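Participant:
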Amino acid sequence: MSNEKKYKVGIVGATGLVGQELITLLTEREFPIENVRLAASKNSIGEDFQCMGKTYQVEILSTDFFENLDLCFFCASPKISEEYAAIALDRGCFVIDKNVIDGQEYRSVVVPEVNIEDLHSMSSKYVRNPSSITIPLALVLSLLAPVYRPKRVFASSYQSVSAEGQRGIEELTSQVGAMFSYQETQSKVFPQRIAFNLIPNVGGLGPEGFSYEEKRVEEELQQVLHRPDLHSHFHLTYVPTFIGSGISLSVECERAIDVEEVRALLCDSKTVKVIDSPGKGAYPVLLDVQGQDEVFVGRIRTKTEDPKVLDLWIVNDNLKRGGALNFVQLAENFISKG
623 MSNEKKYKVG IVGATGLVGQ ELITLLTERE FPIENVRLAA SKNSIGEDFQ CMGKTYQVEI
683 LSTDFFENLD LCFFCASPKI SEEYAAIALD RGCFVIDKNV IDGQEYRSVV VPEVNIEDLH
743 SMSSKYVRNP SSITIPLALV LSLLAPVYRP KRVFASSYQS VSAEGQRGIE ELTSQVGAMF
803 SYQETQSKVF PQRIAFNLIP NVGGLGPEGF SYEEKRVEEE LQQVLHRPDL HSHFHLTYVP
863 TFIGSGISLS VECERAIDVE EVRALLCDSK TVKVIDSPGK GAYPVLLDVQ GQDEVFVGRI
923 RTKTEDPKVL DLWIVNDNLK RGGALNFVQL AENFISKG
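Numbered per the numbering used here, the sequence shown spans residues 623 to 960.
(1) Using a Cβ-Cβ cutoff of less than 8 Å, which residues in the same chain neighbour LYS895 once the five nearest sequence positions on both sides are dropped?
(2) Answer yes if the segment 629 to 648 comes into contact with the segment 668 to 676, meaning at least three C-beta pairs across the two stretches below 8 Å, and no otherwise.
(3) Measure the C-alpha to C-alpha separation of GLY825 and ARG849 and round it to an integer number of angstroms.
(4) Any heavy atom of the ligand FMN within a distance shorter than 8 Å of the CB on ALA946?
(5) Tell me whether GLU786 sits in a helix, a strand or coil according to DSSP, three-state version.
(6) Figure out for me which residue from GLU840, LYS902, SER746 and SER730 has the closest Cα to the Cα of SER779.
(7) Could you check if ARG771 is buried or exposed, using at least 16 other CB atoms within 10 Å of its CB as the buried criterion?
(8) Exposed or buried, which one is ARG877 when buried takes at least 16 other CB atoms within 10 Å?
(9) May I ask you to report which of helix, strand or coil DSSP gives LEU941?
(10) Mapping the DSSP letters down to three states, classify LEU691 as helix, strand or coil.
(11) Note the first and the last residue of the continuous alpha helix (DSSP H) segment covering ILE957.
(12) Just to confirm before moving on: does the CB-CB distance between ARG750 and ASP719 stay below 9 Å?
(13) Count the other CB atoms within 10 Å of the CB of ILE682; is the residue buried (16 or more) or exposed (fewer)?
(14) Compare the Cα-Cα distances from TYR567 to each of ILE869, VAL811 and SER796 and report the closest residue.
(15) Should VAL950 and LEU691 be called a contact, given that it needs their Cβ atoms to be closer than 9 Å?
(16) Specify whether the segment 941 to 957 and the segment 736 to 753 touch according to this definition: at least 3 beta carbon pairs, one from each stretch, less than 8 Å apart.
(17) Which runs of the alpha helix (DSSP H) spanning at least 4 residues fall entirely within the segment 712 to 752, listed in chain order?
(18) Under 9 Å between the Cβ atoms of ASN721 and GLU704?
(19) Near GLN844, what residues of its chain come up, given a Cβ to Cβ distance below 6 Å and the 5 sequence neighbours on each side ignored?
(20) Quick one: using the 10 Å Cβ neighbour count with 16 as the cut-off for buried, is GLU669 buried or exposed?
(21) Please report how far the alpha carbon of PHE716 lies from the alpha carbon of LEU693, in whole angstroms.
(22) With TYR780 as the anchor, note down where its beta strand (DSSP E) starts and where it stops.
(23) Considering only residues of the segment 881 to 913, which uninterrupted beta strand (DSSP E) runs meet the minimum length of 3 residues and lie entirely inside it, listed in chain order?
(24) Report the rounded CA-to-CA distance for LEU711 versus ARG729, giving the unit in angstroms.
(25) Would DSSP call TYR629 helix, strand or coil?
(26) Spatial neighbours of LEU932 within its chain, please: C-beta separation below 6 Å, excluding the five flanking residues on both sides.
(27) Quick check: the Cα distance between LEU644 and ASP910, rounded to an integer number of angstroms?
(28) Please list the terminal residues of the continuous beta strand (DSSP E) segment that includes TYR860.
(29) Should the segment 936 to 943 be regarded as contacting the segment 752 to 761, the criterion being three or more beta carbon pairs within less than 8 Å?
(30) Over the uninterrupted beta strand (DSSP E) stretch that includes GLN679, give me the two end residues.
(31) Of the residues ASN665, ASP890 and LEU847, which one's Cα is nearest the Cα of SER764?
(32) For LYS810, which of helix, strand or coil comes out of DSSP?
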């Protein structure tokens with residue numbers, strides 16, 4: 623980047639899956655770093671990590687961690703954000719957080735390709751990185767909005783165990799090994815056994831039957847798209863895969879769907895890659911998206927008896943496109959603000 627000023631950066635949750643992806647992206651995108659401080663759980667204290675050609679050691683998280691930092695990424699648990707985000711703000715940090723915490727000052731949610739003006743106009747120095755499901759949905763729907771004006775959204779997600787971090791990957795791996803060895807499985811991360819199973823409960827269920835993560839995606843999507851009137855219905859599910867998320871999306875629009883026009887709209891975007899050739903059986907799968915910046919879209923279709931409803935399939939790397947990349951883009955836009 624051309625900005626000559628260099629920044630002191632903190633990463634809370636640096637040894638987690640998103641934290642590691644974030645460190646890699648900061649280096650790849652040549653973020654102007656003067657110094658990096660890394661914080662993680664006690665088990666990781668003293669570990670060394672490379673960023674921008676320098677070696678940094680993981681520290682214990684304390685109130686002193688935020689002294690003299692310009693910006694701080696929160697990639698750890700909601701409990702850590704609740705305890706330390708306000709402290710980071712008090713120390714003058716610009717905070718980018720992946721968690722939902724209470725308080726009006728913590729409500730700003732931004733996907734840079736969609737609603738970057740919200741970042742530039744806000745008075746707070748806190749912004750939330752949206753859910754890994756909100757990000758691909760917002761990117762796709764924002765491309766459709768000028769032409770089709772979506773009215774209602776119906777989506778089912780199929781989310782890999784990495785949504786629960788390294789613990790999720792380890793639990794699936796352990797359970798698969800146990801089952802092939804005819805041993806009992808243990809479930810500590812997920813509410814039920816995830817190996818060879820589907821779990822329709824992401825984030826815990828509320829009293830009305832919706833999961834908290836489903837409500838989060840609904841609220842974030844309305845905010846990012848500036849569409850408080852957008853009605854949406856979500857069903858989020860854990861699946862026994864390691865990396866990537868799939869979303870089956872149906873969108874009711876104000877005008878009839880032209881499938882070729884939709885393909886053209888999506889193909890014109892740098893954020894979306896279309897793999898959609900029904901005659902050849904071409905469509906995107908999780909294997910296509912690992913390590914990729916784009917959201918992949920396929921199975922684009924509509925029914926003649928329901929011409930205003932668009933159906934399509936979305937996949938993306940939940941750790942990179944649905945997580946770390948949005949983090950870094952927010953930071954890049956923050957420093958461009960001056």
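C-beta atoms are modelled at their ideal positions from N, C-alpha and C, and glycine is treated no differently. Just so it is clear, the structure is predicted and the values come from calculations on it, not from any experiment.
Facilitator: The relevant details are as follows:
(1) Mapped onto the sequence shown, residue 895 falls at position 273. Within the same chain, LYS895 has close Cβ partners PRO906, GLN914, GLU916, VAL917, PHE918 and VAL919.
(2) Look at the beta carbons and you see the segment 668 to 676 touching the segment 629 to 648: at least three pairs across the two are nearer than 8 Å.
(3) Here residue 825 refers to the residue found at position 203 when the sequence shown is read from its first residue. Here residue 849 refers to the residue found at position 227 when the sequence shown is read from its first residue. Taking the straight line from one Cα to the other gives about 24 Å.
(4) No copy of the ligand FMN appears in this structure; indeed no ligand is present at all.
(5) Looking up residue 786 in the sequence shown gives position 164. Three-state result, GLU786: helix.
(6) Within the sequence shown, the letter at position 157 stands for residue 779. SER779 has its Cα closest to that of GLU840, out of GLU840, LYS902, SER746 and SER730.
(7) For the purposes of this step, residue 771 is taken as residue 149 along the sequence shown, with counting starting at 1. It is exposed - the Cβ of ARG771 has fewer than 16 other Cβ atoms within 10 Å.
(8) Counted from its first residue, the sequence shown places residue 877 at position 255. By the 10 Å Cβ count, ARG877 comes out exposed.
(9) Against the sequence shown, residue 941 aligns to sequence position 319. Correct three-state label for LEU941: coil.
(10) Working through the sequence shown from its first residue, we reach residue 691 at position 69. The answer is coil: DSSP assigns LEU691 none of H, G, I, E or B.
(11) As a working note, residue 957 is residue 335 in the sequence shown. Looking at the DSSP string, the run of the alpha helix (DSSP H) that includes ILE957 is 947 to 959.
(12) Working through the sequence shown from its first residue, we reach residue 750 at position 128. Working through the sequence shown from its first residue, we reach residue 719 at position 97. Taking 9 Å as the Cβ cut-off, ARG750 and ASP719 qualify as a contacting pair.
(13) As a first step, residue 682 is located in the sequence shown; it is residue number 60 there, counting from the start. So ILE682 counts as exposed.
(14) What is shown of the chain runs 623 to 960, which leaves residue 567 out entirely.
(15) For the purposes of this step, residue 950 is taken as residue 328 along the sequence shown, with counting starting at 1. For the purposes of this step, residue 691 is taken as residue 69 along the sequence shown, with counting starting at 1. Not a contact, by the Cβ cut-off of 9 Å.
(16) Short answer: they touch.
(17) Considered as a whole, the segment 712 to 752 harbours 734 to 743 as its complete alpha helix (DSSP H) runs of no fewer than 4 residues, in chain order.
(18) Translated into the one-based positions of the sequence shown, residue 721 becomes position 99. Translated into the one-based positions of the sequence shown, residue 704 becomes position 82. In contact: ASN721 and GLU704 (Cβ atoms closer than 9 Å).
(19) Position 222 of the sequence shown, counted from the first residue, corresponds to residue 844. Result list for GLN844: PRO850 and LEU852, in chain order.
(20) As a first step, residue 669 is located in the sequence shown; it is residue number 47 there, counting from the start. By the Cβ-count criterion, GLU669 is exposed, with fewer than 16 other Cβ atoms from all chains shown falling within 10 Å of its own Cβ.
(21) As a working mapping, residue 716 is identified with position 94 in the sequence shown. As a working mapping, residue 693 is identified with position 71 in the sequence shown. Between the alpha carbons of PHE716 and LEU693 lies a gap of roughly 4 Å.
(22) Looking up residue 780 in the sequence shown gives position 158. For TYR780, the uninterrupted beta strand (DSSP E) run begins and ends at 772 to 781, by DSSP.
(23) If one requires a minimum length of 3 residues, the beta strand (DSSP E) runs lying completely within the segment 881 to 913 are 894 to 896, in chain order.
(24) Translated into positions along the sequence shown, residue 711 becomes position 89. Translated into positions along the sequence shown, residue 729 becomes position 107. One alpha carbon belongs to LEU711, the other to ARG729, and they sit about 14 Å apart.
(25) Working through the sequence shown from its first residue, we reach residue 629 at position 7. Note: TYR629 maps to strand in three-state DSSP.
(26) Numbered from its first residue, the sequence shown carries residue 932 at position 310. Closer than 6 Å at Cβ, skipping near neighbours: VAL873, ILE879 and THR924.
(27) In the sequence shown, counting from the first residue as 1, residue 644 sits at position 22. In the sequence shown, counting from the first residue as 1, residue 910 sits at position 288. Rounded to the nearest angstrom, the gap between the Cα atoms of LEU644 and ASP910 is 20 Å.
(28) Locating residue 860 in the sequence shown gives position 238, counting from the first residue. First-last of the beta strand (DSSP E) with TYR860: 853 to 860.
(29) Short answer: they touch.
(30) For the purposes of this step, residue 679 is taken as residue 57 along the sequence shown, with counting starting at 1. For GLN679, the uninterrupted beta strand (DSSP E) segment begins and ends at 676 to 682.
(31) Numbered from its first residue, the sequence shown carries residue 764 at position 142. Considering only alpha carbons, the answer is LEU847.
(32) In the sequence shown, counting from the first residue as 1, residue 810 sits at position 188. In the three-state reduction of the DSSP assignment, LYS810 falls in the coil class.
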